[in-house]
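Okay, structure first, notes after.
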Ligand code: NAD
């Protein structure tokens, strides 16, 4: 018998394919946007200029100060420019940081947002917005932040360096892994999750061998989209809570922290969800889900220990305490000793184990 489920489909227009950035002008026209504010990080300001040259005066101005973790003061600064220039649309060109700024502005103005992702992080497909104020990150879910259009053009991902390709890809995998054992899992998302894991599992090693492999990059971007759609619909469990705590309290880098923790959190949940684990191992072509994820990260040359990311060993106890507070639902109940053992293994860079 099919288990009971609730399926939510959020509206999204997804424009996927090589060269489809050229359709941005048409997409802006269809949304009735006459003067968009184009957002980027300082590192991608040059790319933003090129996109403005392509689109012409439908892009009114560029705001290139998007910052990791969406600080509220940056959002307010951008909001001032948006209003002063009378912009009627937003284009977020970049990774999760830039798309986060686009969402924060969309929330405050109800102005339509077009997202053009250049990493695999997946924020473009979710109703989630995390913002930082006075050093504290607050997360909310609201459909108001959803982009009206998402343009995935593989050409924009060709410049992703090997390190970020690997960690951003594993960050995407984490959404699909947790979707498979989510409390609100459903059959459509399960299909997307398994295919997303398979696409990233086969493409990331090819990208590591040849950064210019456009076919593999396209496959990875397809997988990242599927994984992002999972994150957008179902709720996440232990792994996302752990990464939230480690990022927030120890200022560890986002995608690298996901990369180190994913095998360990998967191992923790293995006894509770064997069917989800079989799907992960089938998608990766490995015997064991957690071991397969660990080997994938290692083969890509990605970080495999929290120590490498600069976390102090003495922080493990504090992290366990914070994970136990305001717990996320998880298929296996949270146990302080087991979590301490898991974080210690992750800190040392040891292979994952269930206990
Ligand atoms: P990022 O957006 O911070 O980008 C990292 C760096 O890579 C930046 O300097 C950026 O300019 C550069 N970069 C991006 N694309 C590039 C490319 N193609 N070539 C070369 N350089 C490139 O990193 P991220 O991992 O995409 O995003 C992380 C942030 O996104 C975190 O703050 C995280 O919380 C958030 N996030 C949010 C959601 C959500 O649903 N709200 C989902 C995933 C991630």
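Residue numbers (the working numbering): 8 to 362. For each residue, glycine too, the CB sits at the ideal point set by N, CA and C. It should be emphasised that the depicted structure is a prediction, and the values quoted were computed from it without experimental measurement.
Taking 8 angstroms as the cut-off, the beta carbon of residue 330 is found closer than this to the beta carbon of residue 346. Annotation for residue 257: the continuous alpha helix (DSSP H) segment containing it runs 245-257.
Shown here, residue 167 sits in coil according to DSSP, grouped into three states, outside any helix or strand. Counting the other Cβ atoms within 10 Å of the Cβ of residue 228 gives 16 or more, which makes it buried.
The alpha-carbon separation between residue 192 and residue 26 amounts to approximately 34 angstroms.
By the CB criterion at 8 angstroms, residue 316 and residue 267 fall inside the cutoff.
The closest heavy atom of the ligand NAD lies 7 angstroms or more from the beta carbon of residue 302. For residue 152, no alpha helix (DSSP H) segment is defined, and its DSSP state is neither H nor E.
Between the segment 231-246 and the segment 328-343, the count of C-beta pairs closer than 8 angstroms reaches three or more; the two stretches touch. Annotated as distal: residue 282 and residue 288, with beta-carbon spacing of 8 angstroms or more.
Residue environment analysis places residue 224 among the buried positions, since at least 16 neighbouring C-beta atoms fall within 10 angstroms of its C-beta. With three or more CB-CB distances shorter than 8 angstroms, the segment 307-314 counts as touching the segment 166-176. The bridge partners DSSP lists for residue 122 are 99 and 157. Residue 77 has its alpha-carbon roughly 25 angstroms from the corresponding atom of residue 322. With distances taken between CA atoms, residue 158 lies nearest to 125 out of 303, 125 and 117.
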